[in-house]
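Below is one structure, written out as structure tokens; comments come after it.
Residue numbers (this note's numbering): 506 to 1166.
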């Protein structure tokens, strides 16, 4: 393994700390500050973080490909061979994530100025939002698994705070609790995997050691060559994948994400586009050197990703809440990223993560502009014709729809096509491609184009179907339009960082090659994965992707623009099944929640009421009371009895002393 030379950088500590400082100032002093001051610290801290991130990435780009920047802040603890440091790492992978998170996150902060302007919790909102950014940046820049886990838990906590931001509404508060509890399942698996790895890694959880060679990468190679080491790698990576299914909302732990719409719409954009749901994909990409060594894990990852992409897309087909459509779209699109991980296209996963951040943030902020302008109306059946009232929102929303549908030459076309190309052609040495994964993903892509343009047509085209008073007061705000225009531009040009391989102009592939190139290097005999870079094959698959996208868009236009179907078809058969989301929530309620509540009630009645309260609390009080009753007999007020007792007691003491002598 080629040595990776570390270079110290104090910039990394500042990048992490600035959002935390903003969160602290607004959280502690925000209620006594003007909204202008709150905005200065809330937005300014993230803007400064983005600027410093750009500087740090430029410094990294000036170094040789294998080198990286790091910052060792302090030694957390040391016991025997185990040493854990709070340290940060900026390499080519974390650089991409850092720019996406701080860039898109900063734009969402600016949009929030208009969206949350009249909310009484303005300062609290920006405090939580800054804390969210701090946690995600710490997760990205963590040099070892435990630092990553701190950030991992931090984004989970912040999602709870932001989803339940309007906590006086019980439904919104419960949505935050659902997200928090569901993620605890995945977090437990992540933690177990970390401790197993700590046992086998001889005391180090660093992704790369200070010498540039040691660390978890060398641990993975040693395990792969050890007896039963493959079993350990498979177990650990499956546990990490369970953790990823929680944060990145994949089957079976995806149920929290649609309910996350309870929070303010900019929060939905931040969670869905730039932070929390991408954490699981990033973690798997960071641990690529372990995941790629287990064929079992990679197959499971690919299949689960394809199933999630398909199932979520089918549910999105029938949603009528504008944010719910986008929520299930996110679950489906993250499924594509997980498919990419499973078929060995780690670059494709990060590429789609990046382009998805652009167009999904555009879509969520566009929906936020509509909801804000329509006085919080979210039902698309009560919309229509909004292009007249929201011209900027309409055009930016349309661009984002074209991107997510995979229409050439928008951003989503290139990233989604790369995933489908790998799913169809890439395979492990000595194995066949996972063709079924390609077929399922292609069907999900078709449905994506359909439901996104169903959403667009019902929202912006046709005639308005809502309340006249709402229509008369509908409006856009310039402070919300500029973020939309910026993101729409990125949704248009972002895909050119990953042009098809036969053009030999894949910028992102070259940038990430130092981390992922080892899987395909050494020729067909020594490569872990075999690729078919034949130009004809790639063009043919690209043509299939284009046809799939156009069929989806055309079908949506035929059904919803030509008026062949009612807006709300009769709920029967498959439509009822999809409307009720395959009854997964009901199943979890019956199979998990109710039994756990029954167990909790039983433990409460037996352990809490009878044992703790009955024996320890009331029992000890009753014991003291009985002893007091017994002693009370002696305290009867008879002075002669007291004197007799004193004399007898004194005589007994003297006799005892004499006997001891």
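The beta-carbon is built from N, C-alpha and C at its ideal position, and this holds for glycine as well.
- Scanning its chain for C-beta atoms nearer than 6 angstroms, with the 5 sequence neighbours on each side dropped, one finds around residue 546 the residues 527, 530, 531, in chain order.
- In the assembly as shown, residue 761 is a buried residue. Its beta-carbon has 16 or more other beta-carbons within 10 Å.
- Under the three-state reduction of DSSP, residue 599 is assigned to helix.
- Between residue 1054 and residue 954, the C-beta gap is smaller than 8 angstroms, which places the two residues in contact.
- Linking residue 767 to residue 567 through their CA atoms gives a straight-line distance of about 44 angstroms.
- Between the beta-carbon of residue 770 and that of residue 873 there is about 3 angstroms, and that keeps the pair under the 8 angstroms contact cut.
- Distances from the alpha-carbon of residue 1082 to those of 749, 948, 816 put 816 closest.
- Separation of residue 779 and residue 605 (C-alpha to C-alpha, rounded to the nearest whole angstrom) is 7 angstroms.
- Burial is judged here by how many other beta carbons sit within 10 angstroms of a residue's own beta carbon; residue 950 has at least 16 and is buried.
- Beta-bridge partners of residue 582 (DSSP): 589.
- About 6 angstroms separates the beta carbon of residue 751 from that of residue 690, a gap short enough to meet the 8 angstroms contact definition.
- Counting every other CB atom within 10 Å of its CB across the protein chains shown gives residue 1048 a total below 16, marking it as exposed.
- Under the three-state reduction of DSSP, residue 567 is assigned to coil, being neither helix nor strand.
- Ranking 639, 543, 565, 662 by CA distance to the CA of residue 624 puts 543 first.
- The beta carbon of residue 846 lies closer than 6 angstroms to those of 789, 806, 854 in the same chain, with the five residues before and after it left out.
- The stretch 770-849 is shown to contain whole alpha helix (DSSP H) runs of 4 or more residues at 770-774, 781-791, 793-796, 800-821, 827-847, in chain order.
- Here DSSP, grouped into helix, strand and coil, assigns residue 573 to strand.
- Secondary structure of residue 879 (DSSP, three-state): coil.
- Within the same chain, Cβ atoms closer than 7 angstroms to the Cβ of residue 747 are found at 691, 694, the five residues on either side in sequence being excluded.
- In this structure residue 962 is buried. Its beta-carbon is surrounded by 16 or more other beta-carbon atoms within 10 angstroms.
- For residue 1059, the enclosing alpha helix (DSSP H) begins and ends at 1040-1065.
- Straight-line spacing of the CA atoms in residue 1014 and residue 852 works out to 6 angstroms.
- Note on geometry: alpha-carbon atoms of residue 792 and residue 880 lie some 45 angstroms from one another.
- DSSP places residue 733 in the coil class of the three-state scheme, outside both helix and strand.
- Here residue 803 has 847 as same chain residues with Cβ atoms under 6 angstroms from its own Cβ, once five neighbours each way along the sequence are excluded.
- Where residue 1081 is concerned, the enclosing alpha helix (DSSP H) starts and stops at 1079-1084.
- Residue 523 is not bridged by DSSP to any residue.
- In this model, residue 775 and residue 1117 are separated by some 45 angstroms (Cα to Cα).
- Note: residue 647 is bridge-paired with 593 in the DSSP secondary-structure output.
- Secondary structure at residue 711: strand, using DSSP grouped into helix, strand and coil.
- Straight across, the Cα-Cα distance linking residue 1067 with residue 931 is about 41 angstroms.
- When DSSP states are grouped into helix, strand and coil, residue 1143 belongs to the coil group.
- Residue 601 is positioned such that its CB atom lies no closer than 8 angstroms to that of residue 637.
- Here the C-alpha atom of residue 550 lies approximately 21 angstroms from the C-alpha atom of residue 657.
- Rounded to the nearest whole angstrom, the C-alpha separation of residue 1094 and residue 685 is 16 angstroms.
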